[in-house]
Structure formats: structure tokens, C-alpha cells
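Chains as they are written, first to last, in our numbering: chain A, 10 to 348; chain B, 360 to 687. Positions of the beta carbon are idealized from the N, C-alpha and C atoms, including for glycine. Since the model is a prediction, treat every value here as computed from it, not as a measurement.
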Amino acid sequence: MNRAVLSRLGLTLPLLPTTSVGSLPKPPELLAARRRYTAGAISRRELDGLAEEATVFWLREQEAVGLDVLVDGEMYRSDLVGFFAEELDGMALAGLVRAYGNRYYRKPIIQGPIRWEQPITVGWWRFAQGHTAKPVKATVTGPYTLMDWSFDEHYGDRRAACLALAQELRKEVAALVHAGARIIQIDEPALSARAGELPLVREALGVMTDGLDAYWIVHTCYGAFDTVYPGMLALPAHNFSLALADAAVDWIAHFAAAPFTADLCAGVIDVHAHTVESVDTVRARIAHALPLVPVVGLWAAPDCGLKTRRVEDALAKLRVMVAGAALVRDQQDSGGSGI
Amino acid sequence: MEFVVHNHSSYPRAGETEAAQRLRRAHTAWECGDITAADLEAAERVEMTAIVREQIEAGADVVTDGQVRWDDPVSGVMRAFDGVRLNGLRRYFDTNFYVRQPVVTGRVRRRGPIAVGDFRQASAVSQRPVKVALPGPYTLARLSVLDNATYDGVPALAAALSEGLAAEMADLAAAGATLVQIEEPAILAHPGDIRLLRELLEPLWAARGAAQLVVATYFADAEPLYAQLNSLPADVLALDLSSSPHLLATIAATGASKTLALGLVNGRTARVEHPADIARQVETALHRYTLDAVHLMPSCGLEHVPRATARAKLHALAAARRLLAATL
């Protein structure tokens, strides 16, 4: 459906493009280096060097697996919100807070006016794109999630904090567009936290993206999609990347109640399960999503970032995803080449 | 007037210190197959002891086990029921915390005690009473997905869960629990179900023996339901003042027919409240309050703040209690 946008941006993707959501597992040596860096045993330059090596490793692996749109794997990031909080002026990190199970994140605190001082991810995106001929998707955590997942001790008002973040993050995505990024994903896992605030999400994403020419993906996961659908389709997004595999609810059936007016990047891999799905499971999940959107508007991805899996498990999951997509692609009449 | 400092339910099981990382690391090691389930159980026991002591040192008169063994309260309870499968993650109300969503696949039946073992372990290392906090039948039913026709909706599932939780209540009372908290935050989004909630709580009330039943709501404004909440079968009503901007004035104006546990420190913010401000709120609440005791609590489980902040918030409540004891 938004193939025209991709085409205008000079991107030709096959039917059923496959991609990863954003984060990929850090190799053990990088994890060890991050611990040494925290302890003051190595320099930032040494750490960044290892993160670059890990980025190149993952670019090669994604190419080998056969993904169509690559990511840098976020080897240099701590987590979804902490990384941006460390880079944005006015934010700091508080202590560890549990997200689920045994997973924790350093919850940010907004302590003063939020200011974007310099590009945060642009150098890494350039580095990644410089190492592959395939398009590299840029990923930026969205203003609503950054606000919702932070303690606010400055603005005292969710809307004010969210819009301040949106204005500053706009500078980051503008810098990405200027650097040549054509596919930009805004991660908003908190999108459905408070359904009544969906207009705020829309306003904030509008502030962040209005007038900037890119193919915009909004990623969200593990939420109460029923509370924000179909209203979320009014967000400024060409594509919604949604966690669908790890859900007790058949979201595809739920979405069918209203025309799904954007492209859909269907989550077809459960990133929290140790076991690797079968190719047929992935094929069936993709096929299940087919009636919802025209086939030219359907993508396939894992439910969320794969960083909590081991390197070999993440690779195995990506391989079955690509194989499953290939099976569905072969079943289509379009011939499987670029559209 | 007796002032009781009373922890809510969960407590951060990881913190910044090396010692406070041990359980987190043990979990990771267990997930990777590097340690046994018995090793993990031992690590949980050590952390539970540390958390109980930390609450006491911070000044709590009533402590909890911190819900150390649970990934989350919903799956912590529902995994003890037959007829339930745990599915993927689902946001816990509007927090940044995710729970495993229960999928009800058949008739739900409690297989055996859920929290009795943890209660006994925590009690063995505590000089203070240990409260057990469990999500209630209505909230559990609201957070579950019905996968077949065994139950035709929330009321039927909640009634079945109420039966199981009443058995749990009886087991806890028999084990010596003096305070059991049933948490029903979901009722605030569905106020029309308050009569249903009353019916669901009756079996737990009847099974409580010598234990006191605390009914807790949080994460939303309880003020519109305050009068009806006072009519629930409960000994203590725990209320989140942080999410209820007008509730204090209502309590001041109307009093209470149940002992109140006032959620005076916000379990979801990093800023630590000032003891004098906490004490002032309590004084306001006592304007028409005729009962003998009032409990000073966090607004919700302290899982949502860093461990040092959780400790500091309990400290603030204890300091407020000292101020109140000196002036009232």
C-alpha cells in the first residue's frame, strides 16, 4: 500500500520484506567489555571499537540469513530508553526497575528541560549503512514511551514532557533523514498504556515526523491493542510493526473489524521463547495475516528485539522467519521479485 | 490512635549493590542451565531474608515477602491453578511492568497452597508480622483470556477463582497469617461491578479465620467508589491516594467504616515524600475517623521504583509515624 513511498525513496523491496525489529543479542565478548567499561577498566573508544565489530558481525549475519531490511542491532545501546536518556540533556538514569520476569532496565528520570545536543544514533546508522548494500532501518525510541517509562521530576505533566521529547527527537530523525536514512522506525511499546492518551501519541509523532521524507514504521508490542484500534491507524506511520506471535488474542481477527489502512509488519517470531519455531509455524502466521492487508503491504519480523536471546538462537529464529516468508512468497502469483 | 507502617506487596528484588544483584544473576544462571532449581530456590530464600530485614530496618511494622519468587503477581497465582495456561506478556495496567497473561483453557482449580510456603519462610526470619498479598478473583478474571466455553465471562471465571482463593485464605489463616491482602485494582475501571466484587469477596471473608482481610485498590481514582468500597467484606481498606486526588478530602468529610491503609507514598515515582507532608495528610484523613488504627502504606507494590527508593519511601513512612505519634 505504501510501496509508492518506498519507490519514491528509491527502495525496491521484494514481496513480504523481512526485517528484524531492532536489537540483536550482544556477543559475549561485547557484554564482557561493557562490564569492564562500567568498571572503568577500558575506555569508551575501546568499547565502541568492539561494538563496531559486533555491528559488522550482525550485518554479515543478517545478509547471510537473507533479511531484506537490516538493522544495526543496537550493539552500542543499553536498552530501549536508558540509551536515549543518557544522550539527551535533562535526563539521567535512576536505579534498576523490573520490566518483567528477570528483566530489568535503568529507569530514566527527567530532571530538567530536555535538549538534543547532537546526533545520537546517526553515526551508528552511517557506519552500518556503509557496510552493506541492503537498506538499513534506523530505530529511535518514541517520545511517548520515553516519557511513560521515565520518572518525571521536571515537567510534572505528561503531555508537556511528551511534547518536549518529541520536539527534541525530531532533531534526531531529521539528522537521520539528512544522513540518508529512508526507513525509520519509531519504537513505541507504551503506545497502548493509556488509551485516552492516543491523541497525545498522535500529536507527538506528528511533531517528530511532519514534513520529513521517510518510510515511517511505528513498532509496538505486548499492549492492549484492542483499546487503541482502529484509532492508532491515524498515527503518522506507513507501517505498524506489531507483536502478534506472543499473544493469547488473535489480533489479526480483531483488526479485521476495521480496514487496516497502513502496511503491517507482522510479528511472527516469539522473542521470549527459547524454542525456535518451525518454518511451517512461521508460514502459517504470515498466511494468517495475509487477508488483513494487500500482500504488497505485508512485512514479516520478530515480535520485538531479539536481544534477550543468545546469538545462535536469534540466528536460528531469523532463519526460520526468512524461510517461512519465502514459502508464502512462492505461493503468491507476483513472481517474488521486486514490485 | 495506633499508626501502623505497612508495606504494600512487592519489593524490588534487585538493587545497585553487589549483594542485591545475586538473585538476578542466579535467575540468569538458572535460565542458562548453569545452576539447578535448588540453587535458585536457595538464592530466592537468601534474597527474601534480606528483603524482610530491609523492610524492618526501614521501620515497617508489617512486612511482606517482597513477592520474591514471583515473576509477576498474576502468573504467580494463576500458575497454581489447573485449567490455566500462561501466555505471552501483557502490560500490567498502565505501568512499565509486564505480566504473563493467563489463558483459561478449562475448569480452574487450585492445585494446592499458593503462598503458604513463602509466608512461612518470611515469617521464620521476621520479628514483625508478615502480610500476604494476592491479586483478587475479579482482577485475575479481568486480566485473563477465556480460550473456550468453560466460563461464559468474567463473573463465572471470577467466581471459580474466588473459590480457589478462599481455600488459599483458609490455608494461610491456618498457617498463622494475621493479615492477607486481596488486590482488586481492576474494579476501578469497572465500577458497575462493585456488587459482583462484594459477592466474590464473601467466600474469602468467610474463610479468613483469625486473619484480617485487607482489600486494596490502586492505579486509578478510588474516590468515586469510596462509599461502596467501605461496604465490602473487609477488615482493612487499602487506598492509593496518589491516583485519587480528591479522596483525602472525601475521607476527611465522611470518615470511614473500615480501618484504612492510606497509600501515602507514591509507589511509582522516584521522588521520596517528606515525612511532614505525609503526616499532614494523615491528620487530614483523621478529621472524622473514629477507628482505633490507621495504616501508613505505599500506594502500590514498590516493584516500580529502584530498591534504594523503595527503602527510602518506607523510611519516610516510619518518620511520619514518629511525627504523628508525637503530636496525636
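Answer yes or no: does any C-beta atom of chain A fall closer than 7 Å to that of residue i?
| i | result |
| --- | --- |
| Val504(B) | yes |
| Gln460(B) | yes |
| His605(B) | no |
| Ala373(B) | yes |
| Asp453(B) | yes |
| Asp636(B) | no |
Within its chain, find whatever has a CB closer than 7 Å to the CB of residue i; leave out the 5 residues flanking it on each side and keep chain order.
| i | result |
| --- | --- |
| Phe93(A) | Ile129, Thr150 and Leu155 |
| Gln176(A) | Val216 |
| Gln571(B) | Thr537, Leu538, Asp594 and Val595 |
| Tyr585(B) | Leu606 and Thr609 |
Looking at the structure shown, is residue i part of a helix, part of a strand, or coil, going by DSSP?
| i | result |
| --- | --- |
| Asp222(A) | coil |
| Ala256(A) | coil |
| Glu632(B) | coil |
| Lys116(A) | strand |
| Asp441(B) | strand |
| Met100(A) | strand |
| Leu547(B) | helix |
| Gln460(B) | strand |
| Tyr109(A) | strand |
| Pro311(A) | strand |
| Leu18(A) | coil |
| Pro562(B) | helix |
| Met360(B) | coil |
| Ala184(A) | helix |
| Asp506(B) | coil |
| Ser602(B) | helix |
| Ile637(B) | helix |
| Arg479(B) | helix |
| Ile51(A) | coil |
| Phe66(A) | helix |
| Ser369(B) | strand |
| His228(A) | strand |
| Phe92(A) | helix |
In chain A, which residues lie less than 7 Å from residue i when you measure between Cβ atoms?
| i | result |
| --- | --- |
| His663(B) | Val106 |
| Ala629(B) | Ala103, Ile118, Phe160 and Glu162 |
| Asp530(B) | Simply none; closest approach about 26 Å. |
| His549(B) | Neighbours of His549(B) on chain A: none; closest Cβ ~14 Å, over 7 Å. |
| His386(B) | Asn111 |
Ignore the nearest five residues each way along the sequence and tell me which others in residue i's own chain have a CB closer than 8 Å to its CB.
| i | result |
| --- | --- |
| Ser287(A) | Val329 |
| Ala409(B) | Ala378 and Ala379 |
| Ile569(B) | First, the amino acid is wrong: residue 569(B) is Ala here, not Ile. Within the same chain, Ala569(B) has close Cβ partners Ala532 and Thr537. |
Taking the alpha-carbon of residue i as reference, which of the options has the nearest alpha-carbon?
| i | options | result |
| --- | --- | --- |
| Thr537(B) | Ala492(B), Leu673(B), Val463(B) and Pro592(B) | Ala492(B) |
| Ala173(A) | Gln340(A), Ala233(A), Leu221(A) and Val216(A) | Val216(A) |
| Leu619(B) | Ser590(B), Val463(B) and Ala635(B) | Ser590(B) |
| Lys490(B) | Asp477(B), Leu499(B) and Ala500(B) | Asp477(B) |
| Ile193(A) | Ala13(A), Thr21(A), Leu22(A) and Val30(A) | Val30(A) |
| Leu327(A) | Arg17(A), Leu18(A) and Pro34(A) | Pro34(A) |
| Arg372(B) | Ala677(B), Asp453(B), Gly442(B) and Arg670(B) | Arg670(B) |
| Gly535(B) | Val574(B), Ala548(B) and Pro488(B) | Pro488(B) |
| Cys230(A) | Leu178(A), Ser201(A), Phe66(A) and Leu242(A) | Ser201(A) |
With a CB to CB cut of under 6 Å and the five nearest residues on each side skipped, what residues in its chain are close to residue i?
| i | result |
| --- | --- |
| Pro592(B) | Leu560, Glu561 and Trp564 |
| Ser346(A) | Note that Ser346(A) has pLDDT 40, beneath the 50 cutoff, so the model's placement of it is unreliable and the number below is only indicative. No residues qualify anywhere along the chain. |
| Val280(A) | Pro311, Asp312, Cys313 and Leu315 |
| Gly465(B) | Gly442 and Thr509 |
| Asp431(B) | Val458 |
Could you tell me whether the Cβ of residue i comes closer than 7 Å to any Cβ of chain B?
| i | result |
| --- | --- |
| Arg203(A) | yes |
| Ala41(A) | no |
| Ala213(A) | no |
| Asp255(A) | yes |
| Tyr113(A) | yes |
| Gly110(A) | yes |
| Met330(A) | no |
Output, in chain order, the set of chain B residues within a Cβ distance shorter than 8 Å of residue i.
| i | result |
| --- | --- |
| Val227(A) | Here the premise fails: no neighbours, minimum Cβ distance about 17 Å. |
| His281(A) | Gly447 and Leu448 |
| Tyr231(A) | Gly447, Leu448, Arg449, Arg450 and Tyr457 |
| Val258(A) | Val504 |
Chain A partners of residue i, CB-CB under 8 Å?
| i | result |
| --- | --- |
| His633(B) | Here the premise fails: no neighbours, minimum Cβ distance about 14 Å. |
| Thr668(B) | Ala103 and Gly104 |
| Asp430(B) | Tyr109, Gly110 and Asn111 |
Residues of chain B with CB closer than 7 Å to the CB of residue i, please, in chain order.
| i | result |
| --- | --- |
| Ala246(A) | Per Cβ cutoff of 7 Å: no residues; Ala246(A) is ~20 Å from chain B at best. |
Could you name the residues of chain B that residue i contacts, counting a contact when the two beta carbons are closer than 9 Å?
| i | result |
| --- | --- |
| Asp157(A) | Asp453 and Asn455 |
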